[in-house]
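Below is one structure; the comments refer to it alone.
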Amino acid sequence: MWFKNIRAYRLTTPFDLSAEQLGEQLAQRAFEPCAKSQALSLGWVAPLGEESGELAHSAGGRLLIKLKREEKLLPSTVVREQLEEKVAHIEEEQARKVYRKERLTLKDEIIQDCLPRAFSRSSAVFAYIDTRANWIFVDAASAARAEELLNLLRECIGSFPVVLPQVNNAPSATMTGWLAHQNLPDDFVLGEECELRELGEEGGVVRCRGVDLLSEEVETHLNAGKQVSRLALQWEERVKLVLAEDLCLRRLKFSEELMKENDDIPEADNAARLDADFALMSDAITGLQDRVITIFGGEAE
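Position in the sequence shown (from 1) plus 448 gives the number in the working numbering.
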């Protein structure tokens, strides 16, 4: 359950549903496996496991939810080969050309025919709503996966207005300054990875891994005008991360000391351990997010 990525969205209105009320709303779209002819199924599952039975778990004013995703796997090469065979057969048998509209219809028929026999792949996305700090944090590296969760949440509760956080100081320029002037905020330490981009849509990209980011090699790229778009950092010896210019926190790795704080809870009491781990993790994430906003000059009005 420890989040690996964070996409944070600011709630524009207070969230006043209790865990019980939210769970009742989410139950409208509880997860169901794909039907035979269904390519994709999305739905909510209990974030602390089936034994808990609750679709929304509350701890310290934070509501944990979990979206399950099942999709059928249809290799594009298989569909394309069958389509070409079918088109060739029609053109030969009926002595006519198969045009785009008919090809699309044939392709859809092939997909529908293959779906019942296709393998499926399941994945899940966690998120939690911090009702006190007015954030929702989604454990997703891609914006598309995060929006998928937000859209289904809106469908269930009717309205859920959120916006991406805007800060006063441009993250890319600020991170570039940290490297150029070697002056990071006191509670952050440089990692050994960064991504540098040239200005402009067609600018080149340089990815540095396992190197000293204060080396002459990196300095040369900065002097050539490249800007930092991603930067590996460690915060307060609690969390390692890669901070992106869009404020996405990627590849989170919580310290062993933090993750062991609940080791006194018996392994048999799985629900209690998950609940305690969620409290630890969410405290760290909310604190980290607050610092990220602060080091970029605070939220823009």
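All residues carry an ideal CB built from backbone N, CA and C; glycine is no exception.
If you're wondering where the values come from, they're calculated on a predicted model, not measured in any experiment.
Specify the secondary structure class of residue i as computed by DSSP and reduced to three states.
i    : result
D738 : helix
D561 : helix
A483 : coil
E684 : coil
D578 : strand
L670 : helix
A478 : strand
A572 : strand
E665 : helix
L459 : strand
L465 : coil
E747 : strand
Measure the beta-carbon distance from residue i to residue j and round it to whole angstroms, keeping in mind my assumption that it falls under 8 Å.
i    : j    : result
T734 : P609 : Their Cβ separation, rounded to whole angstroms, is 20 Å, which puts T734 and P609 out of contact at 8 Å.
L706 : R686 : 5 Å
V535 : L522 : That pair is no contact at about 18 Å.
E646 : S568 : Wrong, their Cβ atoms sit about 42 Å apart, outside the cutoff.
L503 : A478 : 7 Å
A592 : R517 : Contact doesn't hold; Cβ gap of about 11 Å is too wide.
D561 : F574 : 35 Å between Cβ atoms; not a contact.
L644 : V654 : 4 Å
Taking the beta carbon of residue i as the centre, do at least 16 other beta carbons fall within 10 Å, making it buried, or is it exposed?
i    : result
E468 : exposed
R678 : buried
T624 : buried
Y457 : buried
G606 : exposed
A732 : buried
K545 : exposed
E693 : buried
H505 : buried
R510 : buried
T668 : exposed
D578 : buried
Y547 : exposed
G471 : buried
A621 : exposed
L488 : exposed
L552 : exposed
A483 : exposed
A594 : buried
V526 : exposed
A716 : exposed
A543 : exposed
A680 : buried
Is residue i near residue j, with beta carbons less than 8 Å apart?
i    : j    : result
L691 : L597 : no
L627 : L670 : yes
G746 : V611 : no
C642 : L661 : yes
L697 : I513 : no
P564 : F744 : no
F702 : A507 : no
G639 : K674 : no
W492 : M729 : no
L700 : K452 : yes
G499 : A724 : The sequence given here places Glu at residue 499; Gly does not occur at that position. Against a cut-off of 8 Å, the Cβ pair of A724 and E499 comes out as no contact.
W583 : F636 : no
L474 : C604 : yes
L531 : I558 : yes
L695 : V666 : no
Would the C-beta of residue i count as close to the ligand HEM, meaning under 7 Å from any of its heavy atoms?
i    : result
A628 : No copy of the ligand HEM appears in this structure; indeed no ligand is present at all.
### Whole alpha helix (DSSP H) elements within the region 688-743, 4-residue minimum
Listed in chain order, they are 704-707, 718-743.
### Task
Tell me the start and end of each unbroken beta strand (DSSP E) in the region 487-546 that is at least 3 residues and wholly inside, in chain order.
Here the runs fully enclosed are 488-493, 505-507, 510-521.
### Complete beta strand (DSSP E) runs within the region 593-646 (minimum length 3 residues, chain order)
Listed in chain order, the complete beta strand (DSSP E) runs (minimum 3 residues) inside the region 593-646 are 636-645.
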